[in-house]
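Working notes for the structure below.
Residue numbers (my numbering): 32 to 136.
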């Protein structure tokens with residue numbers, strides 16, 4: 032029997048990340064490139080409603096965290112019984128453990 036799709040929720044920090052990504056690429060490249068990049072990120076996140084556990088576990092960064100790539104970004108999320116919460120969208124060159132350890136303080 033197929034499972035019910037989970038609700039995908041974007042945490043405030045993840046939404047803030049998206050706004051920052053768009054503003055940066057609109058400034059250094061073009062609004063069209065910024066739009067395309069956000070579409071790529073959205074496509075990566077769209078499959079999480081049914082296949083959230085398929086992607087990489089990131090317990091090395093924070094227990095219970097998972098990630099999916101949307102090159103050059105990484106979408107970090109947590110899975111609960113009813114939902115998938117996207118917590119951050121970070122550039123692949125960032126020091127992920129350092130970012131998440133600052134947020135825990």
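Just so it is clear, CB atoms sit at the ideal spot from N, CA and C, and this is done for glycine as well.
Reduced DSSP secondary structure (H/G/I, E/B, other) of residue i
i: residue 50; result: helix
i: residue 58; result: helix
Beta-carbon gap between residue i and residue j smaller than 7 Å
i: residue 117; j: residue 65; result: no
i: residue 80; j: residue 36; result: yes
Beta-carbon proximity list for residue i, same chain, < 8 Å, skipping 5 on both sides
i: residue 69; result: 49, 52 and 53
i: residue 96; result: 88, 89, 90, 107, 108, 109, 118 and 131
Own chain partners of residue i with C-beta closer than 7 Å, once the 5 adjacent residues on each side are dropped
i: residue 159; result: Residue 159 lies beyond the range of the chain shown here (32 to 136); nothing can be said about it.
Contacting residues, own chain, Cβ-Cβ under 6 Å from residue i (five flanking each side not counted)
i: residue 105; result: 98, 121 and 123
i: residue 128; result: 92
* Fully enclosed by the segment 63 to 122, which alpha helix (DSSP H) runs are 4 residues long or longer? -> Fully enclosed alpha helix (DSSP H) runs of no fewer than 4 residues occupy 79 to 82 of the segment 63 to 122, in order along the chain.
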